[in-house]
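Numbering (my numbering), first residue to last: 148 to 458.
Glycine residues also receive a C-beta, built at the ideal position from the N, C-alpha and C atoms.
The structure under discussion appears below in the form of structure tokens.
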């Protein structure tokens, strides 16, 4: 707040006159530089003197000489005008064409297989000097890395697979469901597996992140059932190789099955009724919600997901 009510009567023109008189030592010169009349300059000086309770400038044969108080005020008034200009300019808009930039994203393989290639192709097509560092998704959302800026975005599965954080924003990117994939020579005849047929088969399980729980086994437990897992893989493509030439079953996201499961080798059928689907969600810290670079990155990810939905 202001130290004196007298200061409330000042405006930007008064401060501009102060700086101009200080620098030019001439009322006439200030009048011409600011395109105002000499009487306006004199009126502004009168307001300044009243508000700051000081003569500020003394008229001498060599021009307007600043008082001690005016000399101490000069740099502060300059900063006020500079700050006003910054307020008017606002936050600089991120322009990925100006200089190389690196973004850090933590995401499961699902994002790397399905969305990241589209994202990189769009950067390449626009000839943007953008690099993306992918960080493997571990047990839970890397909250501290997101807060301290080590990560720009976290991509995760939902809903409610991970602990929520009040200081993070979340955006749903797309939805998907699960299908059952088989070696073509071991495909069941029915278009949809029953729960009994599903649990009787031996399973290969691709682990999307390091966790003791997953959506399939969690759902089976609710039905008082469990499955026999013969192998866990670190990737979808490795899991597909594991079931080749066997009667094993592999439960995959439908979009991944369409992308990776070669129809010459694999078949699929619908999962048992009631097996839930999932969402792919994007999370970011509220501290970067208005950051133009982070906003731009989020927009590109959303665009790539929309293109995937329409493909």
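| What distance in whole Å lies between the Cβ atoms of residue 261 and residue 402, which are believed to be in contact at a cut-off of 8 Å? | Taking the first residue of the chain shown as position 1, residue 402 is located at position 255. Taking the first residue of the chain shown as position 1, residue 261 is located at position 114. Between residue 402 and residue 261 the beta-carbon gap is near 6 Å, inside 8 Å, which marks them as a contact.
| field | residue 271, buried or exposed, once every other Cβ within 10 Å from all chains shown has been counted against 16 | value | Position 124 of the chain shown, counted from the first residue, corresponds to residue 271. A residue is called buried when at least 16 other Cβ atoms come within 10 angstroms of its Cβ; residue 271 does not meet this threshold and is exposed.
| Which residue from 312, 171, 208, 204 puts its Cα closest to that of residue 216? | As a position in the chain shown, residue 216 is number 69, starting the count at 1. Selection 312, 171, 208, 204 evaluated against residue 216 yields 204 as nearest (Cα-Cα).
| task | Confirm, please, whether the CB-CB distance from residue 182 to residue 164 is below 9 Å. | result | Here residue 164 refers to the residue found at position 17 of the chain shown. Here residue 182 refers to the residue found at position 35 of the chain shown. Going by beta carbons, residue 164 and residue 182 fall outside the 9 Å limit.
| residue 428 beta carbon less than 9 Å from that of residue 302 | Here the question's residue 302 lines up with position 155 in the chain shown. Here the question's residue 428 lines up with position 281 in the chain shown. Less than 9 Å separates the beta-carbon of residue 302 from that of residue 428.
| said: On the CB-based measure, 16 or more other CB atoms within 10 Å of its CB, does residue 153 come out buried or exposed? | reply: Working through the chain shown from its first residue, we reach residue 153 at position 6. Residue burial is scored here from C-beta neighbours: residue 153 has fewer than 16 other C-beta atoms within 10 angstroms and is therefore classed as exposed.
| query | Under a three-way DSSP split, which group does residue 156 fall into? | reply | Residue 156 sits at position 9 when you count from the first residue of the chain shown. The three-state reading of DSSP puts residue 156 in helix, counting H, G and I together.
| query | Using the beta-carbon count (16 or more within 10 Å), is residue 419 buried or exposed? | reply | Position 272 of the chain shown holds residue 419. Buried, by the Cβ-count rule.
| query | What residues match up with residue 417 in a beta bridge as DSSP calls it? | reply | By 1-based counting over the chain shown, the position of residue 417 is 270. Its beta-bridge partners are 326, 339.
| task | Return the CA-CA distance between residue 338 and residue 433, expressed in angstroms with no decimal places. | result | On the chain shown, residue 338 is found 191 positions in, with the first residue counted as 1. On the chain shown, residue 433 is found 286 positions in, with the first residue counted as 1. Residue 338 and residue 433: Cα-Cα distance of roughly 45 Å.
| Is the segment 276 to 283 close to the segment 242 to 254, with three or more CB pairs under 8 Å? | A contact exists between the segment 276 to 283 and the segment 242 to 254.
| query | Excluding the five sequence neighbours on either side, which residues of its own chain have a C-beta within less than 7 Å of the C-beta of residue 290, listed in chain order? | reply | To locate residue 290, count along the chain shown from 1; it is residue 143. Closer than 7 Å at the Cβ level, and outside the excluded window around residue 290, lie 312.
| task | Give the single residue among 453, 169, 158, 173 whose Cα lies nearest to the Cα of residue 319. | result | As a first step, residue 319 is located in the chain shown; it is residue number 172 there, counting from the start. Closest by alpha carbon: 453.
| said: Whole angstroms are fine: how far does the CA of residue 231 sit from the CA of residue 171? | reply: By one-based count along the chain shown, residue 171 stands at place 24. By one-based count along the chain shown, residue 231 stands at place 84. So the two alpha carbons sit approximately 22 Å from each other.
| task | Would you mind sorting residue 415 into buried or exposed? The rule is 16 or more other CB atoms within 10 Å of its CB. | result | Taking the chain shown and counting its residues from 1, the one referred to as residue 415 is at position 268. Buried: at least 16 other Cβ atoms inside 10 Å.
| request: Figure out for me which residue from 409, 421, 176 has the closest Cα to the Cα of residue 365. | output: As a first step, residue 365 must be located in the chain shown, where it is residue number 218. Per the Cα distances, 421.
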